[in-house]
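Residues are numbered in my numbering as their position in the sequence shown, beginning at 1, plus a constant of 60. Below is one structure, written out as structure tokens; comments come after it.
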Amino acid sequence: MELKKIEGAIEAILFAMGEAVPVKDIAKTIGHDTETTRKIIRNMMLKYQAEDRGIKIIELEGSFQMCTKEEYYDYLVAMALQPKKAVLSDVMLETLSIIAYKQPVTKLEIEKIRGVKSDHAVNKLIEYGLVREVGRLDAPGRPILFGTTEEFLRNFGVQGLDDLPEIDPVQMEDFKAEAEEEIQLQLDV
């Protein structure tokens, strides 16, 4: 294997592991002896230092680790202080699952299933890029039809809607019975 490829492999290993990796493990992985591997990595360390890059490789008791250079810590702190993407609430997850399994679906259909208004949840899901308008229903008022996005697939680790878990029919019947019971209790009050 040529030197550039070996350095690339070492870089990939150190980056992916995120912690100190023993030189013997790196050597074994790239198919070289420990001393040759150590020399290659030390040479890489010098290159990183000379090239004004944001990362460096450090040596810790016979292991090597890729990390950020100290002069770039302020940028990392600034990045860490930026607002994070919000976590999906139970309401949003419930709404998203209805859209995922029933799409294309209108807000009215979502609200029928949930039993409550879903404007806020749907709007937030659109804002997060998980749901989008996919068309309009050919009915009075032409209500908006919603569906999931590629971002939804990426975030939930599925390649397509066919990869979504199947809904257990027995569990579905239990949910329906529970919902009907709830409705009956509300009517009795």
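Beta carbons are placed, not taken as given, at the ideal position from N, Cα and C, and that holds for glycine.
- The beta carbons of residue 162 and residue 182 sit no closer together than 8 Å.
- With respect to the C-alpha of residue 124, the residue from 113, 132, 111 and 98 having the closest C-alpha is 98.
- Taking the Cα positions, residue 201 is about 22 Å away from residue 158.
- By the neighbour-count criterion, in which a residue is buried when 16 or more other Cβ atoms sit within 10 angstroms of its Cβ, residue 147 is exposed.
- In the same chain as residue 94, and ignoring 5 residues on each side of it, the C-beta atoms closer than 8 Å to its own belong to 83, 84 and 87, in chain order.
- As summarised for the region 194-240, the continuous alpha helix (DSSP H) elements at least 4 residues long and confined to that stretch are 210-216, given in chain order.
- In this chain, the beta strand (DSSP E) harbouring residue 123 covers 123-128.
- For residue 100, the number of other beta carbons within 10 angstroms of its own is at least 16, and it is reported as buried.
- Between residue 224 and residue 230, the C-beta gap is not smaller than 8 Å, which leaves the two residues out of contact.
- Note that the C-beta distance between residue 105 and residue 70 is not below 8 Å.
- The straight-line gap separating the alpha-carbon atoms of residue 142 and residue 134 is approximately 13 Å.
- Taking residue 190 as reference, the option from 173, 77, 205 and 209 with the minimal CA-CA separation is 209.
- The alpha-carbon separation between residue 238 and residue 216 amounts to approximately 28 Å.
- Runs of the alpha helix (DSSP H) spanning 4 or more residues and lying entirely within the region 89-127 occur at 94-110, in chain order.
- Cβ-Cβ separation between residue 126 and residue 75: approximately 6 Å, consistent with a contact (criterion under 8 Å).
- At a Cβ-Cβ threshold of 8 Å, residue 118 and residue 108 do not count as neighbours.
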